[in-house]
Structure formats: C-alpha cells, structure tokens
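Note that the sequence shown covers residues 1 to 357 in the UniProt record's numbering. Scroll down for the structure; my scribbles are underneath it.
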Amino acid sequence: MSHPDAAPRPGDVRRAGTPEVDLLVAGAGPAGCATAIRAALAGLSVVVVEPRSGPIDKACGEGIAHSAVEYLTRLGVELSGRPFHGIRYVDATHQVDARFTAGPGLGVRRTTLQAALLKRLSDLNIPVIQARVGPITQNTSSVTAANFTAHYLAAADGLHSPIRRQLNLSGEKSGEVRRGLRQHFRVSPWTDLVEVYWSRLGEAYVTPVADDLVGVAVLTSARGTFDSHLDAFPALKRRLQGAQPASAVMGAGPLRQRVHARTAGRVLLVGDAAGYVDALTGEGIAVALRTSAELVDCIRADRPQDYEAAWRRVSWECRLLTASLLWARNRPLLAPRIVPAAAALPAVYRTIVNRLS
C-alpha cells in the first residue's frame, strides 16, 4: 500500500491529452468516494468529478451494515452516528427481532456520511472537481470526459446514471414503480434496532441516526404524500406523535434499474449506476462498497473484462434475496404472510439477517 501522498494533489492535475490520471471517478456519493479512496490507497492517481456541491443528501434508509462500517473504517473514514443492533419486523399483529451476532451497524445521516467521505478525500489530496462529465470518448488505452483523460473511468453517478444511458448499458425498463420517501423526526430512538413496519401500502423503515433523531423511509408503489403514507402504519404514527419533523421530505425512484452490462471499454459502473433491485433489504451501501473494491482490483490488474463477473460474484446473494422478497411482496396472497413467517421461523429470519449484515 502506498503512502497517501501518492495520490494526486489539486495543483498537479492536468487537463485532457495523454492519460494524466489512472482513474477518473464520476460521482462523489458513497460508491464514488469509496472507489476513489481505495484506488488512492492502492497507489493510483485519482480525480473525482461531481456536479453538486457537498455534502450531498439522498432519500435512503441511512442504516450501514456492520461489514460496511468495518470496511469504511479500514479506508480511514471516520464515522459518527447511532449504533443499532439488529432488525425488527412489525406488522399489525406480529413483531420479530433479529439481533446481530458479528457486531452493530451504524445509523448515520446521509449528509454526515457524505461529509466524512469528503474529508477523507481531502486528507488524501484527491481532487474533487465540480463539473458535469458530459460526452465520453475512449480508445484502447484511455478515456476522456469532463476535460480529463484517464486510463479508466468509474461511473458512480447514481440510480438514473447519465453515463449508463450515454453508453447504452441500461436494460429494459421495469414495470415496477416502487419509490422511496424519507423524513427525519426529532425524537429519542425507542429501540436499538432498525424497525421495518409492513402494511398493504409498503414498508416503513425507522433508523436511529442520533440520540435525538430518527429517520423514517417509506417504500411503496402507491401515489401520495409522506404524511398520507404514514396513515398506513398506525403503530409507527403513534410513536411519532408530537415529534417535530427535522428535515424536508426527500424522494427517490423508481428504484428498479436493469443494466445489461457493467463495463463498456474502459468505463466501469459502480454503486446504484451498476443496477438496482430495491431498498427492501437495506444493503445498498454494503454492496456498493464490495463492488467498488472489485472495480479497483480489476483496473489495477488492467483487466476491466473481469469486472462483470466480479460484480456478480460479490452481489448475487443480496440481489437474489432482495428479488425473492420483492417477488413475495408483490403477491397479494404472500405479502401478508412475510412477517408471520419470520415470527414462526425466527431462527431462519435471524440467519438471513446476519448473513446480509
């Protein structure tokens, strides 16, 4: 592992011509930042391009699995938040808990996570250029975008990735229209678990992110406002009675994004840009981190053709479980039986939760 000074300094960055950096990263979300940090620590020169000024917020559940917390810590990212020790499923008549055996996860405000990642980029002298990527051109040895030429480009530009569309890597549009809405409430967490409330409308995730703050994310295909969706979760609504909103409502979706390939020449997709099933299992960041590590290994070996298989290998378990759970969720006869099944088979439920975490 090289010294962090091996990473490029802002004053050293040169614009387009012959490849002046090893890796250009499009997007400064968790997937993009983690890719850039790992690449710099591996001795590669890196530049990040991001059109938005940070820290960047996003509608998400904000629970980070234990394995992902450990990985970010190894990257030198200093996280602060509220630990959680398992997952609780709740419906109108059942409640079942699965506590983690390997260690706690961490509830972290997305803006707090983003700030920690950007600080680590700064510590490593990785330039973050505020610009849009725009048109991409490439040949057998380099790729040029945003007026930079690099040996490789990592596209971490989100769920509706413009780079993915530009390179015709998107698959057929899904008929699924699940979306997410998130808002924070000023209230002390009432449990040390992430709670998932189930109803006919969808799911509501409650994540403790500070000693006086919880995030509530609703996943549903139904139309309506955040407040109207909460009516479908009366037990949760009672919990939040009198709590003041601490953030504006944010939305994201449609969640399902099909991708037929994650590599086009010297461009590799990572994070949500590489395809997304659903937020149902809350494993988005963990999968993004695992696949970003594979991406860096592939470009270090100068074998981008290996990335597709590597991406599938490290993400298949989460994708399979999420797709299976979503399939059951979308069946009127099966959906009401998901939480009762977890309650009837708590050992199986705990095994699944701990396998993912």
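Note that beta-carbon positions come from the ideal geometry of N, C-alpha and C, so glycine has one too.
In the DSSP assignment, what residue or residues form a beta bridge with residue i?
i      : result
PHE148 : ALA145
THR263 : LEU268
TYR197 : VAL90, ALA204
HIS184 : GLY215
Using the Cα positions of residue i and residue j, report the straight-line distance between them to the nearest angstrom.
i      : j      : result
VAL49  : LEU326 : 34 Å
GLU20  : ALA252 : 36 Å
GLY202 : GLY63  : 18 Å
ARG120 : ASP297 : 20 Å
PRO4   : ALA40  : Here the model assigns PRO4 a pLDDT of 33, short of 50, so the residue's position is not dependable, and the following value carries that caveat. Taking the straight line from one Cα to the other gives about 7 Å.
SER357 : GLY105 : 8 Å
ARG164 : ALA261 : 9 Å
PRO340 : TRP198 : 11 Å
ARG350 : ALA115 : 33 Å
ALA342 : ALA131 : 47 Å
ALA328 : LEU75  : 37 Å
ALA274 : PRO51  : 19 Å
TRP316 : SER324 : 12 Å
THR35  : ASN330 : 34 Å
HIS229 : LEU124 : 43 Å
SER142 : GLN166 : 17 Å
TYR152 : ARG300 : 10 Å
GLY215 : VAL209 : 7 Å
ALA232 : PRO346 : 25 Å
ARG313 : LEU219 : 27 Å
LEU24  : PRO189 : 40 Å
ASP302 : GLY27  : 22 Å
Among the options, which one has its Cα closest to the Cα of residue i?
i      : options                        : result
LYS58  : LEU181, LEU240, GLU203         : LEU181
GLY29  : SER161, ASN139, ASN125, ARG313 : SER161
ALA92  : PRO189, PRO234, ASP22          : PRO234
GLY291 : TYR349, ARG38, LEU24           : What sits at residue 291 in the sequence shown is Thr, not Gly. Out of TYR349, ARG38, LEU24, ARG38 has the C-alpha closest to the C-alpha of THR291.
VAL353 : ASN139, GLY54, LEU213, LEU280  : LEU280
GLY32  : ALA204, LEU159, GLY265, THR220 : LEU159
LEU117 : VAL348, SER170, TYR71          : TYR71
SER170 : LEU345, ARG303, ALA264         : ALA264
THR207 : ARG109, ASP22, ILE129          : ARG109
CYS60  : GLY107, GLY86, SER53           : GLY107
GLU88  : PRO245, ILE126, PHE185, GLU195 : Before going on, a small fix: residue 88 reads as Arg here, not Glu. Residue GLU195 is the option with its Cα nearest to ARG88.
LYS237 : ALA154, VAL187, ILE126         : VAL187
ASP278 : LEU44, SER221, ASN168          : SER221
- prompt: Would you call the region 96-112 and the region 313-325 in contact, with 3 or more CB pairs under 8 Å?
  reply: no
task: Would you be able to state if there are at least three C-beta pairs under 8 Å between the region 60-70 and the region 282-297?
output: yes
- prompt: Taking only runs of the alpha helix (DSSP H) that begin and end inside the UniProt domain "FAD-binding" (20-79), which ones reach a length of at least 4 residues, in chain order?
  reply: 30-41, 66-74
query: Hey, is the region 169-189 in contact with the region 254-265, meaning 3+ C-beta pairs nearer than 8 Å?
result: yes
message: Under 8 Å, with one C-beta from each stretch per pair, do the region 263-276 and the region 298-309 reach the 3-pair mark?
response: Judged by Cβ distances under 8 Å, the region 263-276 makes contact with the region 298-309, as three or more pairs qualify.
- prompt: Between the region 236-245 and the region 134-142, do at least 3 Cβ pairs fall closer than 8 Å?
  reply: Here the region 236-245 makes no contact with the region 134-142; the two share fewer than three CB pairs at distances below 8 Å.
query: If you pair each beta-carbon of the region 144-160 with each one of the region 75-85, do three or more pairs fall below 8 Å?
result: no
field: Start-end ranges of the beta strand (DSSP E) lying completely within the region 94-149, minimum 3 residues
entry: 95-99, 105-107, 143-145
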